[in-house]
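Engineer: Residue numbers (our numbering), protein chains in the order written: chain A, 13 to 274; chain B, 14 to 279.
First the structure, then my questions, so here it is.
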Amino acid sequence: MIRYLRLWARFVAFSFSRALTFRLDFFFRVGMDALWYAQYFVYFAILNAATPTLGGWTAGEVRLFAGSLFVYDALQMTLIANNMWMFPQLVNRGDLDYHLVRPVSALFVVSLRDFAANSFLNLLMAIGIFAWILSGYEGPMDAPRLLLFAALVPVGVFLHWAVQMLFLMPVFWTHSAHGLRDLHWSLDSWNARPVGIYRGWLRRALLTLLPLGVIVSYPARILIEGPSLEVPLHMLAVAAAFYGIVRLVWSRGLAAYSSASS
Amino acid sequence: VLIAVAGAEARAKMSYRVDFWVQAVVVFAVQMGLAWVVWDAVFDESGASTIAGFDRQGIVVYSAAALLVQRLTLGVVFDAGMSTDVYEGSLSRFLLYPEPYPAMKYAQQAGALAPQLVQIAMFGVALAFLFPGAQVHPSAASIAMGLASCVVGNLLWWAIAFPVHSVAFWADNVWSLLLATRLVSQLLGGMLLPLDAFPAWARPALEVLPFRHLFAEPVQTMLGRRDVAEWSGNLAQGVLWCGAFALVGVWTWRRGRLAYTGAGAG
Numbered sequence: 013m014i015r016y017l018r019l020w021a022r023f024v025a026f027s028f029s030r031a032l033t034f035r036l037d038f039f040f041r042v043g044m045d046a047l048w049y050a051q052y053f054v055y056f057a058i059l060n061a062a063t064p065t066l067g068g069w070t071a072g073e074v075r076l077f078a079g080s081l082f083v084y085d086a087l088q089m090t091l092i093a094n095n096m097w098m099f100p101q102l103v104n105r106g107d108l109d110y111h112l113v114r115p116v117s118a119l120f121v122v123s124l125r126d127f128a129a130n131s132f133l134n135l136l137m138a139i140g141i142f143a144w145i146l147s148g149y150e151g152p153m154d155a156p157r158l159l160l161f162a163a164l165v166p167v168g169v170f171l172h173w174a175v176q177m178l179f180l181m182p183v184f185w186t187h188s189a190h191g192l193r194d195l196h197w198s199l200d201s202w203n204a205r206p207v208g209i210y211r212g213w214l215r216r217a218l219l220t221l222l223p224l225g226v227i228v229s230y231p232a233r234i235l236i237e238g239p240s241l242e243v244p245l246h247m248l249a250v251a252a253a254f255y256g257i258v259r260l261v262w263s264r265g266l267a268a269y270s271s272a273s274s
Numbered sequence: 014v015l016i017a018v019a020g021a022e023a024r025a026k027m028s029y030r031v032d033f034w035v036q037a038v039v040v041f042a043v044q045m046g047l048a049w050v051v052w053d054a055v056f057d058e059s060g061a062s063t064i065a066g067f068d069r070q071g072i073v074v075y076s077a078a079a080l081l082v083q084r085l086t087l088g089v090v091f092d093a094g095m096s097t098d099v100y101e102g103s104l105s106r107f108l109l110y111p112e113p114y115p116a117m118k119y120a121q122q123a124g125a126l127a128p129q130l131v132q133i134a135m136f137g138v139a140l141a142f143l144f145p146g147a148q149v150h151p152s153a154a155s156i157a158m159g160l161a162s163c164v165v166g167n168l169l170w171w172a173i174a175f176p177v178h179s180v181a182f183w184a185d186n187v188w189s190l191l192l193a194t195r196l197v198s199q200l201l202g203g204m205l206l207p208l209d210a211f212p213a214w215a216r217p218a219l220e221v222l223p224f225r226h227l228f229a230e231p232v233q234t235m236l237g238r239r240d241v242a243e244w245s246g247n248l249a250q251g252v253l254w255c256g257a258f259a260l261v262g263v264w265t266w267r268r269g270r271l272a273y274t275g276a277g278a279g
């Protein structure tokens with residue numbers, strides 16, 4: 013474990029030095045993410061002007077959800093987004109070979125090698141926006157809610173990684189992840205809406221089979237509804253199940269992988 | 014030459030059949046499904062009968078039409094843009110061709126819209142069957158006018174994106190800048206929400222900005238919510254915006270070419 017943490021610390025240091033080489037892009041990306049936050053903020057504000065509640069949540073609660081969304085997104089953009097973008101290319105070009113021969117888990121390296129230093133700045137911005145939303149929130153708020161929320165956001169990011177990997181790993185067999193990647197991007201916007209708007213079989217599916225309704229809404233539920241055992245247990249169970257599936261598909265994928273030059 | 018370039022690109026794009034069907038059916042269904050669920054919840058929880066001038070089915074039709082129009086107006090932004098040619102050095106090849114580079118690239122991206130045209134035709138018909146009760150009134154004339162607005166919208170996006178791509182002459186990566194431009198356009202152009210849903214104080218500004226010509230105007234026209242006079246006025250404004258952004262594009266293109274060294278050179 014310590015070995016992996018030290019390795020990841022090296023990834024972070026390397027990513028910062030590389031990011032500062034391309035300074036203009038560094039600030040473009042910061043600006044882009046800030047606009048993304050603004051887009052969602054305005055979107056929810058307009059929806060809340062049309063309805064007193066959205067998915068059962070009041071305007072203040074939806075704002076809290078939006079703040080949670082920004083923190084989650086900044087985390088996933090910082091930790092995994094670049095790696096997920098590059099993964100199909102690693103398989104197609106045979107560059108995965110370099111990671112397979114390293115004396116550490118290839119799945120770890122493939123998933124966390126590129127730490128997006130520019131998005132890290134956005135993470136600080138997202139936390140700032142979240143704190144601002146929290147300061148104006150009129151509902152009850154206490155330390156247990158915040159602590160449990162802080163513990164569950166990384167679980168949501170982990171779950172997002174697992175779902176995304178499942179959409180990308182077919183590249184081992186299909187050699188093109190274009191269509192499935194587009195599909196995942198489209199599906200990803202389903203986690204950017206309060207889970208309460210989904211009903212019936214769709215809601216059940218989004219809480220289990222394709223747990224997009226869990227990723228952001230469940231940590232936000234803790235803030236809004238208070239600590240409960242159901243929410244963390246549900247998130248952990250789904251995360252464990254999806255990790256198991258990712259491991260299984262990954263090992264099958266590696267068996268099918270033949271490298272670009274063979 | 015330009016028609017031949019567009020034709021070749023259209024054939025190339027249509028040959029990727031799996032991508033076409035994933036994009037055409039699955040991605041569209043996912044995006045439209047989300048719009049449907051969101052608006053259903055808003056109507057249920059607000060108890061309103063109309064929002065932004067649309068009834069429940071009408072606003073879903075608006076959202077679906079905006080998704081389809083977006084594919085036509087935004088086209089292929091990232092793959093076929095000038096920034097890629099600058100980074101890969103393939104701009105050098107185009108500079109040797111007898112036709113102007115911007116015209117060649119525009120023809121290329123216009124040809125790449127062939128799958129999107131097929132998708133619009135397919136789903137446009139499907140929408141009419143899915144939402145027969147929607148209070149929108151498309152007709153052959155409104156669809157023809159709307160398609161003309163889409164052509165202007167596509168040209169406008171090209172004119173907006175061209176100077177942004179030109180930043181590639183000086184910066185190492187413009188992907189974020191392009192995405193930022195798209196985010197602003199989608200929000201202020203009526204892609205995410207009808208512009209009438211915005212607060213009254215914001216609407217005059219949205220009327221003045223160019224972004225509504227990318228999504229809101231083509232969609233509203235197609236749905237039969239613009240008469241000929243309104244449509245022609247909006248079309249003229251859209252064309253004027255194209256001209257304004259083209260001037261910026263010419264300026265950045267001339268300056269950028271002086272900075273261009275070609276990959277591997279210099």
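Here a beta-carbon is modelled for each residue, glycine too, at the ideal position from N, C-alpha and C.
What did DSSP end up calling residue 69 of chain A once you bin it into helix, strand or coil?
Structural biologist: Along the first sequence, read from residue 1 onward, the residue named residue 69 of chain A stands at position 57. Strand at residue 69 of chain A.
Engineer: Where does residue 96 of chain A land, buried or exposed, given buried means 16+ other C-beta within 10 angstroms?
Structural biologist: By 1-based counting over the first sequence, the position of residue 96 of chain A is 84. Answer is buried; the Cβ neighbour count reaches 16.
Engineer: Taking the alpha helix (DSSP H) that residue 114 of chain A falls in, what are its first and last residues?
Structural biologist: For the purposes of this step, residue 114 of chain A is taken as residue 102 along the first sequence, with counting starting at 1. Neither: residue 114 of chain A is in no alpha helix (DSSP H) and is coded neither H nor E.
Engineer: Which residues in the same chain have their Cβ closer than 6 angstroms to the Cβ of residue 231 of chain B, if we skip the five residues on either side of it in sequence?
Structural biologist: Taking the first residue of the second sequence as position 1, residue 231 of chain B is located at position 218. Excluding positions up to five away in sequence, the list reads 82, 159, 162, 163 and 166.
Engineer: Give me the Cβ distance between residue 134 of chain A and residue 31 of chain A, rounded to the nearest whole Å; I'm assuming they're in contact under 8 angstroms.
Structural biologist: In the first sequence, residue 134 of chain A corresponds to position 122, counting from 1. In the first sequence, residue 31 of chain A corresponds to position 19, counting from 1. About 12 angstroms; that fails the 8 angstroms criterion.
Engineer: Pick helix, strand or coil for residue 261 of chain B, following the three-state DSSP scheme.
Structural biologist: Taking the first residue of the second sequence as position 1, residue 261 of chain B is located at position 248. DSSP places residue 261 of chain B in helix when its eight states are reduced to three.
Engineer: Just by C-beta distance, which residues in the stretch 65-90 of chain A are closer than 7 angstroms to chain B?
Structural biologist: Against chain B - using a Cβ distance shorter than 7 angstroms - the residues of the stretch 65-90 of chain A are 65, 66 and 67.
Engineer: Report the rounded CA-to-CA distance for residue 113 of chain B versus residue 272 of chain B, giving the unit in angstroms.
Structural biologist: What you label residue 113 of chain B is simply residue 100 of the second sequence in a count that begins at 1. What you label residue 272 of chain B is simply residue 259 of the second sequence in a count that begins at 1. Roughly 18 angstroms between the two C-alpha positions.
Engineer: Would you be able to state if there are at least three C-beta pairs under 8 angstroms between the stretch 202-217 of chain A and the stretch 247-264 of chain A?
Structural biologist: Cβ pair count under 8 angstroms is below three, so no.
Engineer: Just by C-beta distance, which residues in the stretch 209-229 of chain B are closer than 8 angstroms to chain A?
Structural biologist: Hits within the stretch, in order: 210, 211 and 212.
Engineer: Which same chain residues, not among the five before or five after residue 176 of chain B, have their C-beta less than 6 angstroms away from its C-beta?
Structural biologist: For the purposes of this step, residue 176 of chain B is taken as residue 163 along the second sequence, with counting starting at 1. These residues qualify, in order along the chain: 261, 262 and 265.
Engineer: Give the single residue among A:168, A:53 and A:15 whose Cα lies nearest to the Cα of residue 231 of chain A.
Structural biologist: Taking the first sequence and counting its residues from 1, the one referred to as residue 231 of chain A is at position 219. It is A:168 whose Cα lies nearest to the Cα of residue 231 of chain A.
Engineer: Mind checking the stretch 213-231 of chain A against chain B and listing, in chain order, the residues whose C-beta falls within less than 8 angstroms of any C-beta there?
Structural biologist: The residues in question are 214.
Engineer: Smallest Cα separation from residue 41 of chain A: which of B:193, B:216 and B:16?
Structural biologist: In the first sequence, the residue the question calls residue 41 of chain A occupies position 29. Of the candidates B:193, B:216 and B:16, the one whose C-alpha sits nearest the C-alpha of residue 41 of chain A is B:193.
Engineer: Just the Cα atoms here: how many angstroms apart are residue 49 of chain B and residue 187 of chain B?
Structural biologist: Residue numbering aside, residue 49 of chain B sits at position 36 when the second sequence is read from its first letter. Residue numbering aside, residue 187 of chain B sits at position 174 when the second sequence is read from its first letter. C-alpha separation (whole angstroms): 33 angstroms.
Engineer: Take the Cβ of residue 213 of chain B as the centre, count every other Cβ of all protein chains shown within 10 Å, and call the residue buried at 16 or more, exposed below.
Structural biologist: As a first step, residue 213 of chain B is located in the second sequence; it is residue number 200 there, counting from the start. That one is exposed.
Engineer: Given that a residue counts as buried once 16 or more other Cβ atoms are within 10 Å of its Cβ, and exposed if not, what is residue 274 of chain B?
Structural biologist: The residue given as residue 274 of chain B occupies position 261 in the second sequence. When all chains shown are included, residue 274 of chain B counts as exposed.
Engineer: Apart from the five residues just before and just after residue 146 of chain B, which ones in its own chain have a Cβ nearer than 7 angstroms to its Cβ?
Structural biologist: Locating residue 146 of chain B in the second sequence gives position 133, counting from the first residue. 70.
Engineer: What does residue 183 of chain A reach in chain B if we use C-beta pairs closer than 9 angstroms?
Structural biologist: Here residue 183 of chain A is taken as the residue at index 171 of the first sequence, counted from 1. Correct list: empty, because the minimum Cβ distance to chain B is about 13 angstroms.
Engineer: What in chain B is Cβ-close to residue 97 of chain A, meaning under 9 angstroms?
Structural biologist: Translated into positions along the first sequence, residue 97 of chain A becomes position 85. Chain B residues near residue 97 of chain A: none, gap ~10 angstroms exceeds 9 angstroms.
Engineer: Return the bridge partner residues of residue 67 of chain B from the DSSP annotation.
Structural biologist: On the second sequence, residue 67 of chain B is found 54 positions in, with the first residue counted as 1. Answer is B:64, bridged to residue 67 of chain B.
Engineer: If we define contact as Cβ-Cβ less than 8 angstroms, is residue 210 of chain A a contact residue for chain B?
Structural biologist: Along the first sequence, read from residue 1 onward, the residue named residue 210 of chain A stands at position 198. Closer than 8 angstroms: yes.
Engineer: Identify whether residue 40 of chain A lies in helix, strand or coil by the three-state DSSP scheme.
Structural biologist: For this step, residue 40 of chain A is matched to residue 28 along the first sequence. Three-state result, residue 40 of chain A: helix.
Engineer: Spatial neighbours of residue 93 of chain A within its chain, please: C-beta separation below 8 angstroms, excluding the five flanking residues on both sides.
Structural biologist: If you number the first sequence from 1, residue 93 of chain A lands on position 81. For residue 93 of chain A, where only same-chain residues beyond five positions count, the Cβ hits under 8 angstroms are 128 and 131.
Engineer: List the residues of chain A whose Cβ lies closer than 8 angstroms to the Cβ of residue 44 of chain B, in chain order.
Structural biologist: By one-based count along the second sequence, residue 44 of chain B stands at place 31. The contacting residues are 198 and 201.
Engineer: Just the chain B side, please: which residues come within less than 8 angstroms of residue 44 of chain A by C-beta, in chain order?
Structural biologist: What you label residue 44 of chain A is simply residue 32 of the first sequence in a count that begins at 1. In chain order: 189, 190, 192, 193 and 196.
Engineer: For a contact defined as C-beta to C-beta under 9 angstroms, what are the partners of residue 98 of chain B on chain A?
Structural biologist: The residue you call residue 98 of chain B lines up with position 85 of the second sequence. Going along chain A, no residue has its Cβ under 9 angstroms from residue 98 of chain B, so there is no contact; the nearest lies around 18 angstroms.
Engineer: Report the neighbours of residue 55 of chain B on chain A: residues whose CB is nearer than 9 angstroms to its CB, in chain order.
Structural biologist: Numbered from its first residue, the second sequence carries residue 55 of chain B at position 42. The answer, in chain order, is 59, 62, 63, 66 and 209.
Engineer: Determine, using beta carbons only, whether residue 165 of chain B comes closer than 8 angstroms to chain A.
Structural biologist: Walking along the second sequence from the start, residue 165 of chain B turns up at place 152. Not one chain A Cβ lies under 8 angstroms of residue 165 of chain B.
Engineer: Please list, in chain order, the chain A residues whose beta carbon lies closer than 8 angstroms to that of residue 64 of chain B.
Structural biologist: Here residue 64 of chain B is taken as the residue at index 51 of the second sequence, counted from 1. Within 8 angstroms Cβ-Cβ: 62.
Engineer: In chain A, which residues lie less than 7 angstroms from residue 179 of chain B when you measure between Cβ atoms?
Structural biologist: As a position in the second sequence, residue 179 of chain B is number 166, starting the count at 1. Chain A residues near residue 179 of chain B: none, gap ~14 angstroms exceeds 7 angstroms.
Engineer: What residues of chain B sit near residue 269 of chain A, judged by a beta carbon separation below 9 angstroms?
Structural biologist: Counted from its first residue, the first sequence places residue 269 of chain A at position 257. Result: empty, since nearest Cβ-Cβ is about 20 angstroms, beyond 9 angstroms.
Engineer: Using DSSP with H/G/I as helix, E/B as strand and the rest coil, what is residue 215 of chain B?
Structural biologist: By 1-based counting over the second sequence, the position of residue 215 of chain B is 202. Correct three-state label for residue 215 of chain B: coil.
Engineer: Measuring only from the beta carbon, is residue 127 of chain B closer than 7 angstroms to any heavy atom that is part of the ligand HEM?
Structural biologist: With respect to small molecules bound, the structure shown includes none, and the ligand HEM cannot be examined in it.
Engineer: Less than 8 angstroms between the CB atoms is what I'm expecting for residue 234 of chain A and residue 243 of chain A, so what's the real figure, rounded?
Structural biologist: The residue you call residue 234 of chain A lines up with position 222 of the first sequence. The residue you call residue 243 of chain A lines up with position 231 of the first sequence. The pair is a contact, with the Cβ atoms about 6 angstroms apart (cut-off 8 angstroms).
Engineer: Would you report the Cα separation of residue 156 of chain A and residue 187 of chain A, rounded to the nearest angstrom?
Structural biologist: Taking the first residue of the first sequence as position 1, residue 156 of chain A is located at position 144. Taking the first residue of the first sequence as position 1, residue 187 of chain A is located at position 175. If I take the Cα positions, the gap works out to 47 angstroms.
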